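Reading through the C-alpha cells given below for one structure.
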Amino acid sequence: MAIGGRVGFMKRIVFMRVLIGLAVLLSLPAALANAASSQNLEISDVHIRATAPGMTATGGYVTITNMSDKADRLIGVKASFAAMADIHNMINDDGVMKMRALEGGLPIGAGQTVTLKPGGLHLMFMGLTSTLAPGDMHAVTLEFASGAVARVMGVVRRPADIHSSDDTHKHDKKHDN
Ligand SMILES: [Cu+2]
C-alpha cells in the first residue's frame, strides 16, 4: 500500500474498528447466518459528516471491496442515530447538482472496489436523533443483496477532514464518481 504517514495510520485504525465491528457481528447468534458472506466484503474508511445542532440530515462515506467472485449490491443502511438512511447519488439536473436515492441499491461487481465520497455516491442519514461531533464513533449497518450484513464503526469527521482524506486515497478511476 502506498499510503503513508498519519492518514495511513488513521486508515488502519478505522479498519481495525471495522474488524471489531465484524467481531461484534460474529458474536450475535441471530447474525451468524450472514457471517460467512461478510468475510467476502472489506469495508473501510467509514466516516460520517459532523453536524451542527439542529441539523436533521448528514452524509456518510465508505469504501467497499467485494472480494468474492460474485457481484453484490449494497441495498440497505441503518444507524441508531438516524430515523432513516439511504444510498444517494448526485445527479446533474440542468446544471444544478441534486442528490437522489439510488434505485435498486449500489452494485459492487466481483473484485470491485466502490468508494463513496463527497460530491458523488454517499450514505444519507435522515431524521438525526443527536448532534454528531467530530471524533465520535457510531455503528452503521450495511445490508447487501447477498444476505451479508456488516456492522461497522464510523468516525465522525469535519467536512474539511473528509476531503483531505480522499485526496490520498488509492483511486480506482473506473468506479469512482
Ligand atoms: Cu444525500
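For the sequence shown, the numbering used here gives the first residue as 35, with consecutive numbering after it. We put the CB at the ideal spot given by N, CA and C, even for glycine. Every value quoted in this text rests on a predicted model; they were computed, and no experiment measured them.
For the beta strand (DSSP E) containing residue i, name the first residue and the last one.
i, result
"Lys112", "106–113"
"Ala117", "116–127"
"Gly93", "91–100"
"Asp79", "75–83"
Pull up the distance between the alpha-carbon of residue i and that of residue j, whole angstroms please.
i, j, result
"Leu59", "Thr175", "A caution first: Leu59 carries a pLDDT of 46, below 50, which makes its placement in the model unreliable, though a value can still be read off. One C-alpha to the other measures close to 10 Å."
"Thr165", "Pro87", "5 Å"
"Asp103", "Ile142", "11 Å"
"Arg191", "Gly153", "16 Å"
"Ile82", "Val189", "6 Å"
"Thr149", "Lys132", "19 Å"
"Asp195", "Ala179", "31 Å"
Check whether the Cβ atoms of residue i and residue j sit closer than 9 Å, and answer yes or no.
i, j, result
"Thr90", "Gly138", "no"
"Leu157", "Ile121", "yes"
"Ile77", "Glu177", "no"
"Ala79", "Ala182", "Note on identity: in this sequence residue 79 is Asp, with Ala being the wrong assignment. Against a cut-off of 9 Å, the Cβ pair of Ala182 and Asp79 comes out as no contact."
"Thr97", "Thr147", "yes"
"Leu155", "Met187", "no"
"Ala113", "Gly94", "yes"
**OP:** Starting from the N-terminal side, write out each stretch of the beta strand (DSSP E) that is 3 residues or longer and does not extend beyond the segment 136–207.
**Re:** 140–142, 147–149, 156–162, 171–178, 183–191
**OP:** Give every residue whose Cβ lies closer than 5 Å to any heavy atom of ligand 1, listed in chain order.
**Re:** His122, Met133, Met158
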